[in-house]
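Participant: Structure incoming, see below.
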Ligand SMILES: C[S@@+](CC[C@H](N)C(=O)[O-])C[C@H]1O[C@@H](n2cnc3c(N)ncnc32)[C@H](O)[C@@H]1O
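Shown next, in the form of structure tokens:
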């Protein structure tokens, strides 16, 4: 086995330890590794990509992987053997999903034990070899959708969307997502250069890999990375935002800020995290777009005068983004949407307070949980807030009827358009 293979596995094992054992979010764990010059930072781009693939596969398929490991153990791992678990998970990911040669899987898992865990090498070797042998039969016997979906999410999705739709959502959430981009202008020129396909919504999709910074048009500031579903709420502000003042609440990392600025709006972007706002500023600079950026808590901050257009992209459990962030499977619990609902209620009330009479407010979340969507609007109406729903029509969303709920809100599901984030958006108008 070559040494870089080992270093990729070691980097992946470390990331899994940070996420699954210490509860760190994937993006933060990746950023920490790169910033502190951790194992990942020292890898060549190709080996870094392998480390990332290993990590994402384990996070995405952990239910199936742990089920397979349990089937290959004569008795459950005891406390002393727990340090072997993430190495076995990596071995299972390679044997079940990545087609890695058998010798590299077993040797790689054993080598990860290092000098301090030499007493575990016999166990790791035996289980890894059994996983390699039995992977095809185990895979044929597993229900991937049920095993990989945490029970609380399965229950809420089954209740909200039904088993058939939940299974379709799960199928897509278990796959590697493509890269979706939003263009500043000249989409056709850059689509060709990027070898992507245009979606009916105007986003471009690219399935071929490659480091983002090296792709055509990145350094020219012609596009930014944005899931096709995340690009939709901005369209709900209507066509006449050119030259108009728009308030972008909860703005970082700035995908929607960039869209509004590119559409010619005068954007005021507010977010309470300084370091995330720095990302917005860096993105705007690369894209050669302008917006006023303000670091503030939107619950207490107020503009000098009310706005006619507000977009509130509230923080949420982010269960709609699991395909791109599979750590969410393991780090969120049933109480998170309930806690976030309280935050969203406060933000909605604040946004209504900043809205001018006759003004439009778009509320959106990247959550599949109805308590972070429709239920928040019901709760807002129950407070007698001076707003009413302005139903969204399919015409405004590129003729895509399936995105419109019976009440006239937007709801995207992960299996729509060949795969997209699960987003909710509602349009409200303030009483005149
Ligand atoms: C879903 S993200 C926004 C994504 C962004 N609109 C985009 O399109 O790129 C939610 C954001 O809300 C911000 N946030 C959370 N609580 C906040 C508060 N009380 N005031 C302002 N921003 C807040 C977070 O820092 C985070 O950047």
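Residue numbers (this note's numbering): 105 to 536. For glycine and all other residues, C-beta sits at the position ideal for the given N, C-alpha and C.
Is residue 526 near ligand 1, with its Cβ less than 6 Å from a heavy atom?
Facilitator: What you label residue 526 is simply residue 422 of the chain shown in a count that begins at 1. It does not: the Cβ of residue 526 is nowhere closer than 6 Å to a heavy atom of ligand 1.
Participant: Under a Cβ-count criterion, where at least 16 other Cβ atoms within 10 Å of its own Cβ denotes burial, should residue 476 be classed as buried or exposed?
Facilitator: Working through the chain shown from its first residue, we reach residue 476 at position 372. When all chains shown are included, residue 476 counts as buried.
Participant: Only counting the same chain, and skipping five residues up and downstream in sequence, which positions put a Cβ closer than 8 Å to that of residue 200?
Facilitator: As a working note, residue 200 is residue 96 in the chain shown. Taken in chain order, the residues that qualify are 165, 168, 169, 172, 235, 239, 242 and 243.
Participant: Mind checking which residues open and close the alpha helix (DSSP H) that includes residue 149?
Facilitator: Here residue 149 refers to the residue found at position 45 when the chain shown is read from its first residue. Its alpha helix (DSSP H) spans residues 149-164.
Participant: Restricting to Cα atoms, I'd like to know which of 231, 249 and 140 is closest to residue 181.
Facilitator: Mapped onto the chain shown, residue 181 falls at position 77. Comparing Cα positions, the closest option is 231.
Participant: Select from 498, 502 and 517 the residue whose C-alpha is nearest the C-alpha of residue 508.
Facilitator: Reading the chain shown from its first residue, position 404 is the one you call residue 508. When only C-alpha atoms are compared, the closest one is 498.
Participant: If we require 3 or more residues per run, which beta strand (DSSP E) segments fall completely within the region 357-395?
Facilitator: Counting whole runs of 3 or more residues, the region 357-395 contains the beta strand (DSSP E) stretches 370-375.
Participant: Take residue 397 as the anchor and find which of 301, 355, 418 and 437 has the nearest alpha-carbon.
Facilitator: Within the chain shown, the letter at position 293 stands for residue 397. Comparing Cα positions, the closest option is 355.
Participant: Tell me whether residue 535, by its Cβ, gets closer than 6 Å to a heavy atom of ligand 1.
Facilitator: Reading the chain shown from its first residue, position 431 is the one you call residue 535. Residue 535: no, Cβ never under 6 Å from ligand 1.
Participant: Whole angstroms are fine: how far does the CA of residue 506 sit from the CA of residue 259?
Facilitator: Here residue 259 corresponds to residue number 155 of the chain shown, with the count starting at 1. Here residue 506 corresponds to residue number 402 of the chain shown, with the count starting at 1. Their backbone Cα atoms lie some 23 Å apart in a straight line.
Participant: Measure the alpha-carbon distance for residue 282 versus residue 206 and round it to whole angstroms.
Facilitator: Position 178 of the chain shown holds residue 282. Position 102 of the chain shown holds residue 206. So the alpha carbons of these two residues sit roughly 28 Å apart.
Participant: When you measure from the CB of residue 414 to every non-hydrogen atom of ligand 1, does any distance come out below 6 Å?
Facilitator: As a first step, residue 414 must be located in the chain shown, where it is residue number 310. No, the beta carbon of residue 414 sits no closer than 6 Å to any heavy atom of ligand 1.
Participant: Determine the closest residue to residue 535 out of 528, 524 and 459, with distance taken between C-alpha atoms.
Facilitator: As a position in the chain shown, residue 535 is number 431, starting the count at 1. Ranking 528, 524 and 459 by Cα distance to residue 535 puts 459 first.
Participant: For the alpha helix (DSSP H) that residue 451 lies in, which residues bound it at each end?
Facilitator: Translated into the one-based positions of the chain shown, residue 451 becomes position 347. That run of the alpha helix (DSSP H) goes 439-457.
Participant: Looking at the structure shown, is residue 138 part of a helix, part of a strand, or coil, going by DSSP?
Facilitator: Here residue 138 corresponds to residue number 34 of the chain shown, with the count starting at 1. DSSP places residue 138 in helix when its eight states are reduced to three.
Participant: For my contact list, residue 531 and residue 464 are in at a C-beta cut-off of 8 Å; report their separation, rounded to the angstrom.
Facilitator: As a first step, residue 531 must be located in the chain shown, where it is residue number 427. As a first step, residue 464 must be located in the chain shown, where it is residue number 360. Indeed they touch by this definition, with Cβ atoms about 6 Å apart.
Participant: Looking at residue 402 and residue 454, is the spacing between their C-beta atoms short of 7 Å?
Facilitator: Reading the chain shown from its first residue, position 350 is the one you call residue 454. Reading the chain shown from its first residue, position 298 is the one you call residue 402. Contact flag set, yes.
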